[in-house]
Amino acid sequence: MAEPDSLVLAVPSKGRLQENAAAFFARAGLKLAQNTGARDYRGKLVGVPGVEVRYLSASEIAAQLASGAAHLGITGEDLIRESLPDARGQVELLTPLGFGQATVVVAVPQAWIDVRAMSDLDEVAAEMRVRHGQRLRIATKYINLTRRFFAEHGVADYRIVESLGATEGAPAAGSAEIIVDITTTGATLAANALKILEDGIILRSEANLVASLNAPWGEPQRRALRAVLGRIQAEERARTTREVRAAMPDDGDIDLAGIAALHDAALPYGAPEGRGGEMVLHCPVDAVFDLADALVKAGAGAVNVRKIDYAFTPDNPLMDRLLSRLG
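Each residue of the sequence shown is one higher than the one before, counting from 1 in the UniProt record's numbering.
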C-alpha cells in the first residue's frame, strides 16, 4: 500500500517502454529507482520526496489511473481510449512523450481492389449479408475503438472477433475478413497481404504522461506534482528553446524589445543598460537564425547561440491545466 500522502506514479514494468520512460524522466533530472532491485515493482523518484513509483503493465496503468489508485502514469493513448469509455471524464493527457508511437488502423485484403475507403466497406458488409447470410468479421483487440469508429462511418453490419494472438494473420487463417490493429511502419500488414483503407486511420497513438482525475489530490500530492511537472516543463521548454547572446553596439542602442517581439523571443534578464553591454534572449529553436540575422543587421556585435539544460519560469501550463480540470 502507498503511504496516504504519497503521489503514486505508474510506469511500464518492462521492455522499451520502461527504458524510454526512464530516459524521459532522466532528461528532466528525475531518476527512477527500484527499491530492492530489478524484480521489485515499487520504487521512488530520487530527490523528490513524497512520490511512490509503481511498475505495471501498460494496460494496468490505464486501469489504475481510471480507478484513482495512481495519480500519474505513462501509457499509450490507444490503451486509454480503448479501456476507458469516458476517458475525458476520468483522466487528463498532460503531454505526449515522443515514443511508443503506433497507429490504430482498419486493414483489408490487398485483393479487395475495389475497397479503398470505409464507404466501400459498408457496401461489402451489405453484400456479404445478402449473398452469404453472414456478417463481415473484424478481428481486433480494440473492441471499443472499433465500435466507435465504425459507428462514426455508418458501418453497422459486422461482427467483432476478439483477437488473442497475431491479429494480422486472421484473414489468412479464415477467422475474419478484415482487421483493426496497430502498426508502426505497415510492413507487417503488407507481409500478410493487407492494406490500410484511405480513411481507415482510427488513432495516431504514442506514450503520454497521464493524470487521474479520480485520485485523491490533497496538498501533499499537489506539492509533489508541482515539483515533478516543474522539472518536466523546464526540460521541455529548454529542449525547444535556445539562448541567444549578442554584444550591444558601442555607437548606439538597438530596439531589442521590437526585435524580440518580431521573432517570438523573450528577454529573461531584461534589456542591457548602457552601450557595450550584452543582450540575452531566449527564442524558439526554429526562430534562431532569423533572430540572429535581425540582431546583426540592427548593429549587434558577435551573436552566440547556446543550448539550455533547463528553463524554469513562474508559470507551468501542465500544472495549470490539470488543476483547472480538478476544479
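Ideal placement from N, C-alpha and C gives every residue a C-beta, glycine not left out.
For residue i: DSSP bridge partner residues
i: Ala10; result: Arg54 and Gly73
i: Pro284; result: Thr241
i: Gln90; result: Note: Gln90 sits in no beta bridge, so no partner.
i: Pro96; result: Asn208
i: Thr140; result: Glu162 and Val180
i: Tyr306; result: In the sequence as displayed, the identity of residue 306 is Arg instead of Tyr. Partner(s): Glu243.
i: residue 340; result: Since the first and last residues shown for the chain are 1 and 327, residue 340 lies out of range.
i: Val105; result: Asp181 and Ile201
Nearest candidate by alpha-carbon position, reference residue i, set the options
i: Leu318; options: Leu209, Ser13, Trp217 and Tyr41; result: Leu209
i: Gln134; options: Thr240, Pro109 and Asp157; result: Asp157
i: Ala69; options: Glu52, Leu326 and Arg321; result: Glu52
i: Ala190; options: Gly15, Asp122, Ala111 and Ala26; result: Ala111
i: Ala311; options: Arg245, Arg321, Ser324 and Ile232; result: Ile232
i: Ala298; options: His282, Ala107 and Ile254; result: Ile254
i: Ala22; options: Asn35, Ala63 and Ile74; result: Ile74
i: Gln101; options: Gly200, Met128, Thr188 and Glu206; result: Glu206
i: Ala176; options: Thr184, Glu162 and Arg245; result: Glu162
i: Leu145; options: Arg222, Asp286, Ala227 and Thr103; result: Thr103
i: Met279; options: Ala58, Leu256 and Ala294; result: Leu256
i: Ser67; options: Asp250, Gln90 and Ala151; result: Gln90
Exposure label - residue i; buried when at least 16 CB within 10 Å
i: Ile61; result: buried
i: residue 339; result: Residue 339 lies beyond the stretch modelled for the chain, which goes from 1 to 327, so this question has no answer here.
i: Asp86; result: exposed
i: Ser83; result: buried
i: Ile80; result: buried
i: Ala26; result: exposed
i: Asn316; result: buried
i: Ile182; result: buried
i: Lys14; result: exposed
i: residue 332; result: Past the edges of the chain, shown from 1 to 327, lies residue 332, and the structure says nothing about it.
i: residue 337; result: No statement about residue 337 is possible, as the shown extent of the chain runs from 1 to 327 and does not include it.
i: Ala260; result: buried
i: Gly76; result: buried
i: Gly174; result: exposed
i: Thr184; result: exposed
Rounded distance between the beta-carbons of residue j and residue i, thought under 8 Å
i: Ala139; j: Ile179; result: 5 Å
i: Ala265; j: Leu229; result: The Cβ separation is near 25 Å, so there is no contact.
i: Glu118; j: Val155; result: Glu is not the amino acid found at residue 118; the sequence shown has Met there. Correct: roughly 6 Å between the Cβ atoms.
i: Tyr55; j: Val11; result: 6 Å
i: Ala224; j: Val48; result: 6 Å
i: Ala58; j: Leu17; result: 6 Å
i: His282; j: Thr241; result: 5 Å
i: Glu168; j: Arg116; result: Not a contact, Cβ separation roughly 19 Å.
Same chain only: Cβ atoms within 6 Å of residue i, ignoring 5 sequence neighbours per side
i: Ala33; result: Gly43, Lys44 and Val46
i: Leu94; result: Leu209, Ala211 and Leu318
i: Leu326; result: Trp217
i: Pro4; result: none
i: Phe24; result: Leu97
i: Ala107; result: Ile179, Leu189, Leu194 and Ile196
i: Ala234; result: Tyr310, Ala311 and Phe312
i: Gln64; result: Ala10 and Ala70
i: Arg306; result: Glu243
Neighbourhood of residue i by C-beta distance below 7 Å, restricted to the same chain and skipping five residues each side
i: Glu6; result: A quick correction: the sequence has Ser, not Glu, at residue 6. Only Gly50, Val51 and Glu52 meet the Cβ criterion.
i: Val296; result: Val303
i: Asp120; result: Asp114
Test: residue i CB closer than 9 Å to a CB of chain C
i: Asp114; result: Structure shown: chain C not included; a single protein chain is present.
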